[in-house]
Structures are given as structure tokens and as C-alpha cells.
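First up is the structure itself, then whatever we jot down about it.
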Amino acid sequence: MQLKQGKGQDFMKMSTEKIDTIMFAPCGMNCKVCYKHCYHKKPCAGCLKSDQGKPEHCRKCKIKECIKDKRLTYCFECSDYPCKLIKNLEKSYNQRYQASLMENSEYVQQKGLEAFMEQQKEKYTCSKCGGIISIHDRECSECQEKMK
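In terms of the working numbering, the sequence shown opens at residue 2 and continues consecutively.
Structure representation (C-alpha cells):
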């Protein structure tokens with residue numbers, strides 16, 4: 002993880018190494034491309050790590066609580082998958098960010114977590130400067146280039 006100073010904020014470039022698989026959230030989100038990871042001095046470490054640096058809605062996430070209660074790592078491991086919580090989050094991500102967390106989970110099931118993270122790295126690395134493109138605003142953390 003590389004930090005760079007700019008415009009009064011710290012920005013982050015996409016790692017040249019493999020993305021840590023701990024950045025894959027139980028719901029299917031790649032935490033590496035979350036705005037809370039991309040744009041902060043103390044970036045969120047992902048859903049499977051501590052709550053430090055997380056926005057309130059992530060700290061109080063019902064999906065994270067459910068996974069913990071069921072002693073699972075990922076939602077797709079559950080016999081109730083996809084449940085109402087996942088379906089609602091999926092609908093929101095489809096509408097707001099043109100992204101599918103369920104497709105992410107399916108990719109992980111079929112090809113593995115490392116292959117998924119490599120695919121995400123290609124998809125969310127800015128071709129202009131190597132920064133991380135946030136899934137939430139589709140903007141590069143470094144040069145503010147908008148993703149197509």
C-alpha cells in the first residue's frame with residue numbers, strides 16, 4: 002500500500018503486489034475499492050478486520066453480525082444465501098454503483114479468491130496513474146480521473 006500527499010488529503014495507489022484476500026467482505030464487496038479505504042490517512046482495513054476507520058453503517062452492519070453469529074466467513078457459505086439482507090444490498094449496489102456483490106461472490110466460488118482479487122485489481126486500477134478507482138464514486142484516488 003502506497004500513500005501519496007495531494008490536495009490536502011492522502012491518496013493511495015493500487016498495490017503492485019497481490020491484494021490481500023482479507024479485503025473481500027462477507028457480502029461480496031471488495032473493501033480495497035471502497036471510498037473509506039481509498040481516501041483516508043488511516044484507511045479502513047476491511048470488514049474482516051477491526052472496526053477502526055470504518056463508517057458507522059459498516060460498524061453496525063447486520064450482515065457482519067449474522068456471519069459472526071453463524072460462524073461463517075462469507076455469506077455464500079450460508080444455507081440461506083441469498084437472504085433478504087444480501088438481496089437488499091445487491092439491489093442497492095446494482096442501482097447506485099452498477100456493481101453486483103452476488104456476481105463477485107459467484108466469481109469467488111467458481112475461480113477462487115485470489116483470482117477474483119486479481120480481476121478486481123485490473124478493473125479498479127487507474128490506467129493513467131496507477132491509483133485506486135473507488136467503486137462508490139468511480140474516481141481515481143490519485144488523479145481524480147473518472148472511470149468509464
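Glycine included, each C-beta is placed from N, C-alpha and C at the ideal position.
>> Within the continuous alpha helix (DSSP H) that includes GLN96, where are the two ends?
In response: 85 to 98
> Near ARG139, what residues of its chain come up, given a Cβ to Cβ distance below 7 angstroms and the 5 sequence neighbours on each side ignored?
Replying inline: LYS147, MET148
> Do three or more CB pairs link the stretch 97 to 113 to the stretch 27 to 37 at distances below 8 angstroms?
Replying inline: yes
> When DSSP labels each residue in this structure, what does THR22 get in the three-state scheme?
Replying inline: helix
> In whole angstroms, what separates the C-alpha of TYR98 from that of ILE136?
Replying inline: 7 angstroms
> Quick one: what's got a C-beta closer than 6 angstroms to GLN127's C-beta in the same chain, skipping five residues either side?
Replying inline: For the record, residue 127 in the displayed sequence is Cys; it is not Gln. So the qualifying residues of the chain are ILE134, CYS141, GLU146.
> Is DSSP giving ILE134 helix, strand or coil here?
Replying inline: strand
>> Going by DSSP, what residue range makes up the alpha helix (DSSP H) through PHE1?
In response: As displayed, the chain neither begins before 2 nor continues past 149, which places residue 1 out of reach and without an answer.
> Is GLU146 helix, strand or coil by DSSP?
Replying inline: coil
> What's the gap between the Cα of LEU49 and the Cα of GLN121?
Replying inline: 18 angstroms
>> Just verifying my parser: in three-state terms, what is the DSSP assignment at CYS35?
In response: Reduced to three states, the DSSP call for CYS35 is coil.
> Rounded to the nearest angstrom, how far is the Cβ of CYS79 from that of LYS71, given a contact under 8 angstroms?
Replying inline: 6 angstroms
> For TYR75, which residues from the same chain have a beta carbon less than 6 angstroms from its beta carbon, with the 5 sequence-adjacent residues on both sides left out?
Replying inline: Correct list, in chain order: PRO27.
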